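**Q** Read in order, the letters of the sequence shown correspond to residues 0 to 188 in numbering that gives the first Met the number 0. Cβ atoms here follow ideal geometry from the backbone N, Cα and C, with glycine treated the same way. Nothing here was measured: the structure is a model prediction, and the numbers come from that model.
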Amino acid sequence: MQETKSDFVLPGDFIGTSEEFLPGSGTYEADGNVYAATVGTVQVNPKEKSVSILPRTDVPPIPKVGDIVIGRVSDIKGSIALVDIARIKGQEDREIATPEQGAIHISNVKNAYVRDLTYEFGYQDIVRAKVIDAKTLRLSTDGRDLGAIKAFCSKCTTALKRKDDKLECPKCKRMETRKIAEDYGSGTV
Ligand SMILES: [Zn+2]
């Protein structure tokens with residue numbers, strides 16, 4: 000049985016005495032004490048009375064179908080908006096090791112006909128989307144809680160403020176439309 004303690008440790012952190020624990024992988028022993036040799040979480044094996052460190056960098060999060068991801072619109076090409084995925088919801092503290100690029104097809108924006116993708120998303124917008132195909136990283140923003148959570152004026156790049164179902168630029172007063180999440184602008188990711 001492997002018991003995972005949530006203790007997050009840095010190299011050199013004291014874990015226990017060598018009377019308590021047998022030093023396992025990612026640890027070292029010095030002067031009768033066991034210390035962490037790597038960044039990670041402490042794992043205790045009560046049967047062996049051993050302790051090891053699960054390195055944090057070993058398991059970068061990989062988006063799965065149904066995961067909610069947060070990303071930035073990096074390009075809009077015809078019927079596709081490309082999104083640089085930065086975070087997976089529920090694992091916000093874990094930066095994705097290699098930035099993954101997802102794609103929102105015009106048919107997956109919302110449960111309604113979309114004529115022009117540029118009415119739904121803008122360059123650099125921060126979007127919350129659901130993974131519908133993990134292999135090709137197809138994303139959907141069809142849902143009340145999905146869509147842009149922060150958007151920027153296409154003229155002056157100021158963050159747009161919500162005004163009813165539209166967005167307004169507080170600086171140049173330009174009105175724009177987006178497929179927005181219902182909590183647009185709340186600061187919640
Ligand atoms: Zn503006």
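#1: Does the contact criterion of 3 or more C-beta pairs under 8 Å hold for the stretch 62-81 versus the stretch 125-145?
#2: Tell me PHE13's beta-bridge partners as DSSP assigns them.
#3: Of the choices GLY146, SER17, LEU145, VAL38, whose alpha-carbon is the least far from that of GLY192?
#4: Once DSSP output is grouped into helix, strand and coil, what is the label at THR187?
#5: Using three-state DSSP, classify SER106 as helix, strand or coil.
#6: Within the continuous beta strand (DSSP E) that includes LEU53, where are the two ends?
#7: Just the residues with CB closer than 7 Å to a heavy atom of ligand 1, in chain order, which are they?
#8: By the three-class DSSP mapping on this structure, what secondary structure does MET0 have?
**A** On the basis of the supplied data:
#1: yes
#2: Locating residue 13 in the sequence shown gives position 14, where the first residue counts as 1. In DSSP, PHE13 forms a bridge with TYR34.
#3: This structure cannot speak to residue 192, because the chain is shown only from 0 to 188.
#4: Residue 187 sits at position 188 when you count from the first residue of the sequence shown. If DSSP states are grouped into helix, strand and coil, THR187 belongs with coil.
#5: Within the sequence shown, the letter at position 107 stands for residue 106. Helix at SER106.
#6: Position 54 of the sequence shown, counted from the first residue, corresponds to residue 53. Note, LEU53: beta strand (DSSP E), 49-54.
#7: Each of CYS152, LYS154, CYS155, THR157, CYS168, LYS170, CYS171, ARG173 has a C-beta closer than 7 Å to some heavy atom of ligand 1; these make up the full list, in chain order.
#8: By one-based count along the sequence shown, residue 0 stands at place 1. Since pLDDT at MET0 reaches only 43, below the 50 mark, its modelled position is unreliable, and no value is offered.
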